[in-house]
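Undergrad: What follows is a structure written as structure tokens; I'll ask about it next.
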Amino acid sequence: MIFMLNIFKKKRVAHNSGIPMPKTPPNSPYAGRWVARVRNKIVAHGGTPEQARHAAKKSRPKEEPTITYMPINFKLPPLLLEILDAFPADQPLYLIGGAVRDLLLGRVSHDLDFGLGADSLTIARKIANCIDAAYYPLDKERGSARLILMHDDGTRDVLDFARLRGETGESLEEDLRERDFTLNAIALDVRSQKIYDPLNGLADLRAKELRLCSPTSLSDDPIRILRAIRLASNYGFKILPETRFAMKKAIVGLSETSVERQRDEFFKILEGKQAHTALRALEILGVLPEILPEVASLKDVAQSPPHVNDLWSHTLNTIRHLESMLAALSPDYDPSKASEFHNGLLVLKLGRYRKQFAEHFSEKLTVDRSLYGLLFFAALYHDIAKPAVQKIGDDGRIRFWGHEREGSDMVAERARSLHLSNDEVDRLKCIVRGHLRVHDMARRMLEKGTQAQGHARSAGSPSRRTIYRFFRDTREAGVDIVLLSLADLRATYEHTLPEDLWGAELDVARILLENYFERPEEVVKPKSLLNGHEVMQAFDLRPSPRVGAVIEAIREAQATGEVGTRDEAVAFGELWLKEN
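Residue numbers for the sequence shown follow my numbering, beginning at 147 and rising by one.
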């Protein structure tokens, strides 16, 4: 809730790693500013030399000031030095926007925007050749090109080069004034390492306030509404009242923006920090109905116990718990973050798979989006069909039979409308459709364990057949389903979650992940003992779906331990064909 109060406040190895926090010169309130001196005394200052001179002339009209820059000490990352070496020495090269903001905050940035005053396409191609990056012309008329530099660790830097904005294409200040927020309207002359800040964005950055560059910043590009929410959630920036007013006014223009740009900015929100709070802010502002209309239908939908919240709150809490769990299971986790009972038990049961989780989420189905963001999109949609299938029984209980099946179709439809890849669509469908399976296994474990002597939960543990079929149906998405199921359970019960149910769900998760990560060839994906040709030859079959059915039956028998050799596979196949 602190963030919400801030939002609505009234008044190779990647080159960029390890950027140090800039150090302000001692006792200097002017760091990053241009100062005007008269007789060696500072009489004015500004974000640019012109501003400093103009301010000085207002107070000392008859005297000519000396303009100097007051530096902020920081070290340029190696990539910028490489680019500078390849850049014409007689031309200025400006780093502009979010990369400067991140540099000043000591953050790593992999998206760099450069402003040039000359032949940007030719220069960009030359730089691409020098640093071994891929070159893509974007807009020849506006002189913009993109370079993509891949690193050995799988990360990449995206470098955008463009002529400076403005009517002449040569005015740095015009370019900065046409941007979104003042803290993104700061330029760094890479060669001299001097900052140009005509809109006083550095002060807003220090105050952590989102201020518009102009009254039309959002109406000119309504996608910036989503960017404002993302910046607020990722950086803890406060959205000023006048900015919030302009955001609400510009929402109507979102329908005129491309779905690809909506998608890209929305996934950046999901991949960032505090996604659940950002989504709440989007809902309060009225943005969600414009970009994801069906998500708005989750509001004010009641749910019967054991649910303790309505559907929309449950969805946001699922995302909140997912964030918390993934933080606790990350390789660089802080043990104090897992001191809460439920996350503590999570770490105890699943903490050994930190490396495997990191590797899982490092995989990509498309270069532009992460599996992390895709999982959060699935979490947002995991109960999306509940309003459509809602039924109230004679006993007054609200039920949502089949919502996982209907929901898988709905999330696929939305994913296609956002032009996600086929692999991403399939992944989302699989996660949403399968998000109840771990719950079912945990409840069976509890029921059978209670019936067994000594109430041992192990009596109801998932069988090898159950484990095999789970991953046969879900493949790599099974890992995502396990994590989503745990977050879903937390959000269902919140503080009323029974310890034995949480323990059972974690035990099921541990068993599934243990087999997936540690014994994949034994239970999850046994190597076929007979291929299609051998099956047809052994059982005198013609090419048909029946051949695949025999192979699958034998593979499942391998997973359960019934079959271990080729001869056993042939014998099993003969028996299976007789019975089927």
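Glycine included, every Cβ here is placed at the ideal spot set by N, Cα and C.
1) Have a look at ARG183 and HIS200 and give me their C-alpha separation to the nearest angstrom.
2) With a threshold of 16 other CB atoms inside 10 Å of the CB of CYS276, please say whether the residue is buried or exposed.
3) How big is the Cα-Cα spacing for VAL709 and THR612?
4) Sort ARG701, GLY707, ALA684 by Cα distance to VAL716 and report the nearest one.
5) With the cut-off set at 8 Å, would you say ILE294 and ALA279 are in Cβ contact?
6) Got a sec, what are the start and stop residues for the beta strand (DSSP E) VAL441 sits in?
7) Once you ignore the five residues that flank ARG610 on each side, which residues in its own chain have a CB closer than 6 Å to its CB?
8) Would you tell me roughly how many angstroms separate the C-alpha atoms of PRO195 and VAL513, rounded to the nearest one?
9) Where DSSP assigns a beta bridge to LEU334, which residues make up the other side?
10) Is it buried or exposed, ARG562, if we count other Cβ atoms within 10 angstroms and call 16 or more buried?
11) Taking a contact to mean a Cβ-Cβ separation below 8 Å, would you say ALA655 touches THR464 in this structure?
12) Where does HIS422 land, buried or exposed, given buried means 16+ other C-beta within 10 angstroms?
13) Are GLY606 and PHE617 closer than 8 Å when you measure CB to CB?
14) Tell me which residues share the same chain as ASP686 and place their Cβ nearer than 7 Å to its Cβ, disregarding the 5 neighbours each side in the sequence.
15) Assuming the contact rule is C-beta atoms closer than 8 Å, VAL493 and ALA474 should be a hit. Round their C-beta distance to whole Å, please.
16) Using the rule of at least 16 other Cβ atoms within 10 Å of the residue's Cβ for burial, across every protein chain shown, is GLU436 buried or exposed?
17) Among SER174, ARG621, HIS581, VAL433, which has the Cα closest to the Cα of GLU550?
18) With a CB to CB cut of under 7 Å and the five nearest residues on each side skipped, what residues in its chain are close to ARG466?
19) With burial defined as no fewer than 16 other Cβ atoms inside 10 Å of the residue's Cβ, what is the status of ILE577: buried or exposed?
20) Return yes when the Cβ of CYS359 is within less than 8 Å of the Cβ of ALA333, no when it is not.
21) Could you pull the start and end residues of the beta strand (DSSP E) that PRO195 belongs to?
22) In the DSSP output, which residue or residues are listed as bridge partners for PHE327?
23) Is it buried or exposed for ILE341, if we count other Cβ within 10 angstroms and need 16 for buried?
24) Return the Cβ separation of LEU284 and LEU258 in integer angstroms, given the expectation that the two are a contact with Cβ distance under 8 Å.
25) Below 8 Å between beta carbons: does that hold for PRO477 and ARG500?
26) Pull the bridge partners of GLY261 from the DSSP assignment, please.
27) Out of curiosity, what's the CA-to-CA distance linking ARG409 and GLU570?
28) Closer than 6 Å by C-beta to ARG292: which residues in its own chain qualify, once you throw out the five before and the five after it? Chain order, please.
29) Less than 8 Å between the beta carbons of ARG701 and PRO672, yes or no?
30) TRP547 by DSSP, collapsed to three states: which one?
31) Shortest alpha-carbon distance to PHE260 belongs to which of ARG302, ARG309, THR461, SER450?
32) Whole angstroms is fine: what's the gap from TYR215's alpha carbon to ASP343's?
33) Are the CB atoms of ARG407 and ILE369 within a distance shorter than 8 Å?
34) Does the beta-carbon distance from ALA190 to ILE218 come in below 8 Å?
35) Is MET296 helix, strand or coil when you go by DSSP?
36) Which value, in whole angstroms, describes the spacing of the CA atoms of VAL433 and ALA442?
TA: If we stick to the structure as given:
1) Within the sequence shown, residue 183 is the residue found at index 37, counting from 1. Within the sequence shown, residue 200 is the residue found at index 54, counting from 1. Cα-Cα distance, rounded: 12 Å.
2) Here residue 276 refers to the residue found at position 130 of the sequence shown. Exposed, because fewer than 16 other Cβ atoms sit within 10 Å of the Cβ of CYS276.
3) As a first step, residue 709 must be located in the sequence shown, where it is residue number 563. As a first step, residue 612 must be located in the sequence shown, where it is residue number 466. Separation of VAL709 and THR612 (C-alpha to C-alpha, rounded to the nearest whole angstrom) is 16 Å.
4) Residue mapping note: residue 716 aligns to position 570 of the sequence shown, counting from 1. It is ALA684.
5) To locate residue 294, count along the sequence shown from 1; it is residue 148. To locate residue 279, count along the sequence shown from 1; it is residue 133. A contact, by the Cβ cut-off of 8 Å.
6) Position 295 of the sequence shown holds residue 441. Unbroken run through VAL441 is the alpha helix (DSSP H), 439-442; no beta strand (DSSP E).
7) Taking the first residue of the sequence shown as 1, we reach residue 610 at position 464. Once the five neighbours on either side are set aside, the close Cβ partners of ARG610 are VAL669, ALA705, THR706.
8) Translated into the one-based positions of the sequence shown, residue 195 becomes position 49. Translated into the one-based positions of the sequence shown, residue 513 becomes position 367. Distance from the CA atom of PRO195 to the CA atom of VAL513, rounded to whole angstroms, is 41 Å.
9) Counting from one through the sequence shown, the residue named residue 334 turns up at place 188. Note: LEU334 sits in a beta bridge opposite LEU241, ILE341.
10) Position 416 of the sequence shown, counted from the first residue, corresponds to residue 562. When all chains shown are included, ARG562 counts as exposed.
11) Here residue 655 is taken as the residue at index 509 of the sequence shown, counted from 1. Here residue 464 is taken as the residue at index 318 of the sequence shown, counted from 1. Cβ distance not < 8 Å, so ALA655 and THR464 don't count as in contact.
12) Taking the first residue of the sequence shown as position 1, residue 422 is located at position 276. Residue burial annotation: HIS422 is buried, with at least 16 other C-beta atoms found within 10 angstroms of its C-beta.
13) As a working mapping, residue 606 is identified with position 460 in the sequence shown. As a working mapping, residue 617 is identified with position 471 in the sequence shown. Cβ distance not < 8 Å, so GLY606 and PHE617 don't count as in contact.
14) On the sequence shown, residue 686 is found 540 positions in, with the first residue counted as 1. Annotation for ASP686: no residue places its beta carbon closer than 7 Å to its own, counting only its chain and skipping 5 residues before and after.
15) Looking up residue 493 in the sequence shown gives position 347. Looking up residue 474 in the sequence shown gives position 328. That pair is a contact at about 5 Å.
16) Against the sequence shown, residue 436 aligns to sequence position 290. Buried is the call here.
17) Along the sequence shown, read from residue 1 onward, the residue named residue 550 stands at position 404. Nearest C-alpha to GLU550: HIS581.
18) Sequence index remark: in the sequence shown, residue 466 carries index 320 (1-based). Answer for ARG466: HIS422, listed in chain order.
19) Position 431 of the sequence shown, counting from 1, holds the residue named residue 577. Taking all protein chains shown into account, ILE577 has 16 or more neighbouring C-beta atoms within 10 Å of its C-beta and is therefore buried.
20) To locate residue 333, count along the sequence shown from 1; it is residue 187. To locate residue 359, count along the sequence shown from 1; it is residue 213. Taking 8 Å as the Cβ cut-off, ALA333 and CYS359 do not qualify as a contacting pair.
21) Numbered from 1 along the sequence shown, position 49 holds the residue referred to as residue 195. PRO195 -> not in any beta strand (DSSP E); alpha helix (DSSP H) instead, spanning 195-205.
22) In the sequence shown, counting from the first residue as 1, residue 327 sits at position 181. Answer by DSSP bridge pairing, in chain order: LEU358.
23) Within the sequence shown, the letter at position 195 stands for residue 341. Buried, because 16 or more other Cβ atoms sit within 10 Å of the Cβ of ILE341.
24) What you label residue 284 is simply residue 138 of the sequence shown in a count that begins at 1. What you label residue 258 is simply residue 112 of the sequence shown in a count that begins at 1. Actually they do not touch by this definition, with Cβ atoms about 15 Å apart.
25) What you label residue 477 is simply residue 331 of the sequence shown in a count that begins at 1. What you label residue 500 is simply residue 354 of the sequence shown in a count that begins at 1. Yes, Cβ-Cβ distance for PRO477 and ARG500 is below 8 Å.
26) In the sequence shown, residue 261 corresponds to position 115, counting from 1. In the DSSP output, where bridge partners are listed per residue, GLY261 has TYR240, ALA308.
27) As a working note, residue 409 is residue 263 in the sequence shown. As a working note, residue 570 is residue 424 in the sequence shown. If you take the alpha carbons of ARG409 and GLU570, they lie about 13 Å apart.
28) One-based indexing of the sequence shown puts residue 292 at position 146. Excluding positions up to five away in sequence, the list reads TYR282, LEU284, ASP306.
29) Locating residue 701 in the sequence shown gives position 555, counting from the first residue. Locating residue 672 in the sequence shown gives position 526, counting from the first residue. Yes, these two residues count as a Cβ contact at 8 Å.
30) Residue numbering aside, residue 547 sits at position 401 when the sequence shown is read from its first letter. In the structure shown, TRP547 sits in coil (DSSP, three-state: anything other than H, G, I, E or B).
31) Taking the sequence shown and counting its residues from 1, the one referred to as residue 260 is at position 114. Checking every option, the nearest Cα to that of PHE260 belongs to ARG309.
32) Mapped onto the sequence shown, residue 215 falls at position 69. Mapped onto the sequence shown, residue 343 falls at position 197. Their Cα atoms are separated by approximately 12 Å.
33) Here residue 369 refers to the residue found at position 223 when the sequence shown is read from its first residue. Here residue 407 refers to the residue found at position 261 when the sequence shown is read from its first residue. Yes; because the gap between Cβ atoms is below 8 Å, this pair is in contact.
34) Here residue 190 refers to the residue found at position 44 when the sequence shown is read from its first residue. Here residue 218 refers to the residue found at position 72 when the sequence shown is read from its first residue. No. Outside cutoff.
35) Numbered from its first residue, the sequence shown carries residue 296 at position 150. In this structure, MET296 counts as strand in the three-state DSSP scheme.
36) Taking the sequence shown and counting its residues from 1, one reaches residue 433 at position 287. Taking the sequence shown and counting its residues from 1, one reaches residue 442 at position 296. The straight-line gap from Cα to Cα measures roughly 9 Å.
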